[in-house]
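Beneath this line is the structure, given in structure tokens, with notes to follow.
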Ligand code: XMP
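Residue numbers (the numbering used here): 98 to 321.
As structure tokens, this is what we get:
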């Protein structure tokens, strides 16, 4: 079975790049890929991203949670676009002058767009989740490759799966944030994003093998 795990690489200050390059090499055959965000970019810059890319040929996702006007998002991404397979942006910025232009740019360079539909933290309920059907409308108009929905609220994943059968769903929130490995997959996600549960483990390889086993079980239970 192909792994459904995407590892979130979120370095704390002072961590060496070598640590992540060797982690990526050691996990490469066991995971679907890796995701980096602003902590990684501020720590190691574009050269760090290039090094991570060189350590594993799995999926590499830039999670900058973009939420700006079109030309600024494109300008931001132009620095990293040669090294990533996918990019995460917020859906609430809407289409004209925002996501339409971003999608056009990403299509032209063969990089996948992933939109945040709901977040894993509780504050997502304050603004984002009460507007979820409108965010799904945005997604439906744009048909990005992927959508992010939280493993911490499986009922939200089921809702997104029902409304967007065409989407690849990525579910963060597994481990430290409270969801168990397999919760997101069971609810209809395609991948679970896992950070500290793996990256802070004394034996990341064993933890990933265990998560892969939980995913296989979840897939059997959901009948897929
Ligand atoms: P941990 O260590 O909690 O890390 O497993 C979680 C990772 O996932 C990201 N994250 C999210 N990304 N929507 C997103 O697009 C979300 O709701 C969300 N919640 C967590 C977080 O940035 C970290 O890399």
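Note that beta-carbon positions come from the ideal geometry of N, C-alpha and C, so glycine has one too.
Note that the structure is a prediction, hence the values are computed from the model and not measured.
Flag residue i as yes when its Cβ comes closer than 8 Å to any non-hydrogen atom of the ligand XMP, and as no otherwise.
i           : result
residue 293 : yes
residue 200 : no
residue 227 : no
residue 290 : yes
residue 310 : no
residue 193 : no
residue 170 : no
residue 252 : no
residue 144 : no
residue 266 : no
residue 247 : yes
residue 273 : yes
residue 221 : yes
residue 217 : yes
residue 173 : no
residue 190 : no
In three-state terms, what does DSSP make of residue i?
i           : result
residue 160 : strand
residue 240 : coil
residue 99  : coil
residue 108 : coil
residue 289 : strand
residue 266 : strand
residue 224 : coil
How close, in whole Å, do the beta carbons of residue i and residue j come, if the pair is a contact with beta carbons under 8 Å?
i           : j           : result
residue 293 : residue 251 : Not quite, the Cβ-Cβ distance comes to about 20 Å (not below 8 Å), so this is no contact.
residue 184 : residue 159 : 5 Å
Taking contact to mean 3 or more Cβ pairs, one atom from each stretch, closer than 8 Å, check whether the stretch 109-119 and the stretch 275-283 are in contact. Contact between the stretch 109-119 and the stretch 275-283 is not established, with fewer than three Cβ pairs separated by less than 8 Å.
Is it true that the stretch 136-151 meets the stretch 266-274, where meeting means three or more beta-carbon pairs spaced less than 8 Å apart? no
The stretch 253-263 touching the stretch 114-131, judged by at least three CB pairs closer than 8 Å: no
List, from N- to C-terminal side, the alpha helix (DSSP H) runs of 4 residues or more that fit wholly inside the stretch 136-218. The DSSP assignment places complete alpha helix (DSSP H) segments of no fewer than 4 residues inside the stretch 136-218 at 167-175, 197-206, in order along the chain.
Segment contact, 8 Å Cβ cut-off, at least three pairs: the stretch 169-180 with the stretch 221-228: Short answer: they don't touch.
If we count Cβ pairs, one from each stretch, closer than 8 Å, do we get three or more for the stretch 189-205 versus the stretch 146-154? no
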